[in-house]
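Undergrad: Here you go, one structure.
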Amino acid sequence: MARFFLFIPPGSLYRRDDRCQSKVADQTIRAVFPPLDLAYMAAILRQAGHEVRMADYPASRRGILHLQKDLTQFAPDCVIYTCTAPTLENDLQLAGLMKQWKSDLSVAVKGEPANFLDERMLHDYPAIDFVLRGEAEGILKRYVKGMALEEIPGVTAQSESGIRRNPAPTELLDLDTLPFPARDLLDNSLYPWPETGDPMTTVLTSQGCPFECIFCPVVPLTGKRVRFRSVESILGELHECIDRFNIRHFLFHADTFTLKKQWVVDLCRAIVEQGLSIEWAANSRVDTIDKERLEWMKRAGCRIIGFGVESGMDEHLQAMGKNTTTQQARHAVRLCRECGIRSHAFFVFGFPWDTEESIRKTIDFALELDPDFFDFNLAFPIPGTELYRMVVEEGLCDLERLKQGGYSVAALRTRTVSAERLEQLRRAALWRLYLRPGYVIRTLAATGSPLVAWRYCRAAVKRIANLLFGV
Ligand code: SF4
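Numbering of the sequence shown is given in my numbering, commencing with residue 73 and proceeding in unit increments.
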């Protein structure tokens, strides 16, 4: 049996196990999510008898010296860690450092950029032994059944004859066959529900998406197949979170939670019938929501729904492959308001075709929609996506800016708007929407308690500091 150390590398707080890859400080709701992917992998390894530890250095505000100390004390045979597109170089350089500290260490890297930049990563950073592409949980399931890591589909590895890239697996994971994530190896208090500070966790509910937004890596990676966990399996995990970890706040993690109406209703009905007193957030598309779904979600404890509204122009929604309309966005936000669930609308600009005029239209549309929470992200070319191919081909990508990353640093310019100007427009959009007296009063009035109102004020101060000083 071997010793495995799974961790998020030291550095800034990012959303790393998701397609978003955004800096937490750049978002309106500064929620830090636990590394669910690593917790699943830890559970698989431990179930097979391996000794496993986990660490989330950014969330615990610990740095490289702590990593060195942990490695020395635990002396793992193998480390597996997550890299993120905007922090890629720093993340990958760690491999060489760790090999200096422990020369017989096997180093495996996973994460969104690893899915498509695997060969380059192994070439440029020879201290990395393995890159785990796609569903790393599936790779480990095969590993614990006895396959050598370098033989497993989805693995790219250093070998004596050069870099060996195994084909992707032909089958995707059945989510119900996964053990529950090893939350006991995490400090769950590091992931508070932003409104109250109570512990929060993410629960995987489904995976995959049948749509093809050009900036999204989901379909290039796993195709259009969508897999849903069974209601029983999700309920079992919710019970474990409540009974064992005293967690009652959740983010239901899915590419589009509301995709299948009957499944949403069945899950929510089961939560209601079992009397689970929980609060949760989920995401949706503006065209996969209706009153019945929303009413069940509200009854089951849903408090916030995130929508990728993206643009205020229908032709741009088509161009980016979103295939929704501004009318559907209006309808979705209005329905949420009627049902008493808060909406969080995400807008994105900085695509090759964007002009100052189209960006202004999107900002105006955001004002018109008037969602409860909003974010403006700058288009970010995640490797493997159609957007990445497009901007590289047109020479619109700035590699230096790409390395600074996040959704607030423009890695792209459009055909008519510079990267610097895009950043100015984003900041101006956020100021314009935040600084509406009616919005501020409405938001504070909706908190319903002085404690929550105080936490909102504290979050607002941090947001202002982020916009003014980039912290
Ligand atoms: S709707 Fe678009 S952004 Fe959302 S998961 Fe599907 S492809 Fe990705």
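The beta carbon of each residue, even a glycine, is placed where N, CA and C say it ideally should be.
#1: Any heavy atom of the ligand SF4 inside 7 Å of the beta-carbon of V298?
#2: Kindly indicate which three-state DSSP category Q93 falls into: helix, strand or coil?
#3: Hey, H361 and L407: beta-carbon distance below 8 Å or not?
#4: Measure the alpha-carbon distance for L177 versus T486 and round it to whole angstroms.
#5: For K217, name the three-state secondary structure that DSSP assigns.
#6: Following a CB-centred definition, is T273 positioned closer than 7 Å to any heavy atom of the ligand SF4?
#7: Taking DSSP's pairing of strands, which residues face E312 in a bridge?
#8: When the Cα atoms are used, what is the spatial distance from E209 to Y112?
#9: Cβ of T330 versus every heavy atom of the ligand SF4: is any distance shorter than 7 Å?
#10: Would you mind reading off the limits of the beta strand (DSSP E) that contains M272?
#11: Output yes or no for whether 8 Å exceeds the beta carbon distance between L85 and P130.
#12: Quick test of the definition: if touching needs 3 or more C-beta pairs under 8 Å, does the stretch 236-246 touch the stretch 193-213?
#13: If you compare alpha carbons, which of T154, D359 and F423 is closest to Y460?
#14: Secondary structure at C411, three-state DSSP: helix, strand or coil?
#15: Out of R414, F437, E495 and C469, state which residue places its alpha-carbon closest to the alpha-carbon of L450.
#16: Once DSSP output is grouped into helix, strand and coil, what is the label at L204?
#17: Using a Cβ-Cβ cut-off of 6 Å (strictly less than) and excluding sequence neighbours within five positions of N238, which residues of its own chain qualify?
#18: Note down, in chain order, each residue of its chain lying with its Cβ closer than 8 Å to the Cβ of W425, except the 5 sequence neighbours on either side.
#19: Is the stretch 271-281 touching the stretch 320-328 in the sense that three or more CB pairs, one from each, lie closer than 8 Å?
#20: Tell me the start and end of each unbroken alpha helix (DSSP H) in the stretch 440-496 that is at least 4 residues and wholly inside, in chain order.
#21: Going along the chain, which residues of its own chain have a beta-carbon closer than 7 Å to the beta-carbon of P453, five neighbours each way excluded?
#22: Determine the direct distance from the alpha carbon of A491 to that of R473, and round the result to whole angstroms.
#23: Got a sec, what are the start and stop residues for the beta strand (DSSP E) N538 sits in?
#24: Taking Cβ to Cβ, would you say C150 is nearer than 8 Å to A127?
#25: Within 10 angstroms of its Cβ, does V543 collect 16 or more other Cβ (buried), or is it exposed?
#26: Using a strict less-than 5 Å threshold between each residue's beta carbon and the heavy atoms of the ligand SF4, what residues do you get?
#27: Should the stretch 132-152 be regarded as contacting the stretch 500-518, the criterion being three or more beta carbon pairs within less than 8 Å?
#28: Can we say the stretch 304-319 touches the stretch 253-272, given the rule of at least three CB pairs closer than 8 Å?
#29: Can you tell me whether DSSP reads V104 as helix, strand or coil?
#30: Beta-carbon of T273 versus every beta-carbon of chain C: anything under 8 Å?
#31: What alpha helix (DSSP H) runs, 4 residues minimum, are completely inside the stretch 359-408?
#32: Check whether the Cβ atoms of L441 and A501 sit closer than 8 Å, and answer yes or no.
#33: Among the candidates P251, A103, L189 and Q140, whose CA atom is the shortest distance from the CA of T457?
#34: Which partner residues of L348 appear in the DSSP bridge assignment?
#35: Measure how close the beta-carbons of P253 and A115 come, nearest whole angstrom, since I'm counting them as under 8 Å.
#36: Suppose the cutoff is 7 Å on Cβ atoms and the five residues either side in sequence are ignored; what does the same chain contact list for K213 look like?
TA: So, to answer that:
#1: No - the ligand SF4 has no heavy atom lying nearer than 7 Å to the Cβ of V298.
#2: Of the three classes helix, strand and coil, the one that applies to Q93 here is coil, per DSSP.
#3: At residue 361 the sequence reads Ile, which differs from the His that was named. Yes; because the gap between Cβ atoms is below 8 Å, this pair is in contact.
#4: The C-alpha of T486 is placed about 44 Å away from the C-alpha of L177.
#5: Note: K217 maps to coil in three-state DSSP.
#6: In this structure, T273 has its beta carbon at no less than 7 Å from each heavy atom of the ligand SF4.
#7: According to DSSP, E312 bridges with nothing at all.
#8: The straight-line gap from Cα to Cα measures roughly 7 Å.
#9: Not under cutoff, so the answer is no.
#10: For M272, the uninterrupted beta strand (DSSP E) run begins and ends at M272 to L276, by DSSP.
#11: With contacts defined by Cβ atoms closer than 8 Å, L85 and P130 form a contacting pair.
#12: Here the stretch 236-246 lies against the stretch 193-213, with 3 or more beta-carbon pairs under 8 Å apart.
#13: Checking every option, the nearest Cα to that of Y460 belongs to F423.
#14: In the structure shown, C411 sits in a helix (DSSP, three-state: H, G or I).
#15: The option with the nearest alpha carbon to L450 is E495.
#16: L204 carries a strand assignment under DSSP once its states are collapsed to helix, strand and coil.
#17: Taking C-beta separations shorter than 6 Å and ignoring five residues to either side along the sequence, the partners of N238 in its chain run P225 and V227, following chain order.
#18: Correct list, in chain order: H388, A391, T486 and R487.
#19: Contact between the stretch 320-328 and the stretch 271-281 is present: 3 or more CB-CB pairs across the two stretches fall below 8 Å.
#20: Complete alpha helix (DSSP H) runs here, min 4: 458-466 and 471-476.
#21: Excluding residues up to 5 positions away in sequence, L459, Y460, V463, C469, A483 and L484 lie with their Cβ nearer than 7 Å to the Cβ of P453 in the same chain.
#22: In this model, R473 and A491 are separated by some 9 Å (Cα to Cα).
#23: Premise fails: N538 lies in the alpha helix (DSSP H), P522 to F541, not in any beta strand (DSSP E).
#24: Between C150 and A127, the gap from beta carbon to beta carbon reaches 8 Å or more.
#25: Counting Cβ neighbours within 10 Å, V543 comes out exposed, since fewer than 16 surround it.
#26: Residues with their Cβ less than 5 Å from any non-hydrogen atom of the ligand SF4, running along the chain, are C281, F283, C285, C288, V290 and D327.
#27: With a cut-off of 8 Å, the stretch 500-518 and the stretch 132-152 do not count as touching, because too few Cβ pairs lie within range.
#28: Judged by pairs of C-beta atoms under 8 Å, the stretch 304-319 touches the stretch 253-272, as three or more such pairs exist.
#29: Three-state DSSP puts V104 in coil, outside helix and strand.
#30: The displayed structure is made up of one protein chain only, and chain C is not part of it.
#31: Counting only runs of 4 or more, we get 363-371 and 386-391.
#32: The answer is no: Cβ separation not under 8 Å.
#33: L189 is the residue among P251, A103, L189 and Q140 whose C-alpha sits nearest the C-alpha of T457.
#34: In the DSSP output, where bridge partners are listed per residue, L348 has none listed.
#35: Sure, about 6 Å apart at Cβ, within 8 Å.
#36: Result list for K213: I116, in chain order.
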